[in-house]
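In the numbering used here, the protein residues as written are 9 to 145.
We put the beta carbon where it would ideally sit given N, CA and C, even for glycine.
Values in this document were obtained by computation on a predicted structure and should not be read as measured data.
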Amino acid sequence: MSLAPGVPAATSAVAAADDADLERRFGGLKRLYGARGYARVRAARVAVVGLGGVGSWAVEALARSGVAQLVLIDLDHVSESNVNRQIQAMGQTLGMSKAEALARRIADIHPGCVVHCVEEFADADNWPGLLPVEVDA
Numbered sequence: 009m010s011l012a013p014g015v016p017a018a019t020s021a022v023a024a025a026d027d028a029d030l031e032r033r034f035g036g037l038k039r040l041y042g043a044r045g046y047a048r049v050r051a052a053r054v055a056v057v058g059l060g061g062v063g064s065w066a067v068e069a070l071a072r073s074g075v076a077q078l079v080l081i082d083l084d085h086v087s088e089s090n091v092n093r094q095i096q097a098m099g100q101t102l103g104m105s106k107a108e109a110l111a112r113r114i115a116d117i118h119p120g121c122v123v124h125c126v127e128e129f130a131d132a133d134n135w136p137g138l139l140p141v142e143v144d145a
């Protein structure tokens, strides 16, 4: 488990990634969810196991929703065959771990999101032990 290389060590320490900036990026969600719902989403810690054709898009949607922390779990690396369906798969990310590629993308979308990359194979027996932090979902 590690924070992704190229992503600031404590992505949350991007001084609350400038609260004003985060409010501009995600404040519109407050009208959708209400102040209480918005606060819950902004504080959420979510794990995504599997960063392929479904998981990669789910991760981006979560980042664009303003969640506080994401735990990305996948052992695989980006390959040419992923380009047609995985959001992190681009020429510049080929060969990179899927978790790291997504972490870099998330840093551009939501600089205040803390991203934990877990490059391990998850199965029904081991996945709870792969979580580096307590998660809400």
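Problem set entry | Simplified DSSP assignment, three categories, for residue 52 | Locating residue 52 in the sequence shown gives position 44, counting from the first residue. Annotated three-state conformation of residue 52 is coil, per DSSP.
For this session: Report the rounded CA-to-CA distance for residue 127 versus residue 109, giving the unit in angstroms.
Result: To locate residue 127, count along the sequence shown from 1; it is residue 119. To locate residue 109, count along the sequence shown from 1; it is residue 101. For residue 127 and residue 109, the distance between alpha carbons rounds to 12 Å.
Exercise. Skipping 5 residues on each side, what residues in its chain have a beta carbon closer than 6 Å to that of residue 101?
Worked result: Stepping through the sequence shown from its first residue, residue 101 is reached at position 93. Result list for residue 101: 86 and 109, in chain order.
Exercise. Would residue 54 be called buried (16 or more neighbouring beta carbons within 10 Å of its own) or exposed?
Worked result: By one-based count along the sequence shown, residue 54 stands at place 46. With 16 or more neighbouring CB atoms inside 10 Å of its own CB, residue 54 falls in the buried class.
Exercise. Buried or exposed: residue 92, going by 16 or more other Cβ atoms within 10 Å of its Cβ?
Worked result: In the sequence shown, counting from the first residue as 1, residue 92 sits at position 84. The residue in question, residue 92, is exposed, as its Cβ has fewer than 16 Cβ neighbours within 10 Å.
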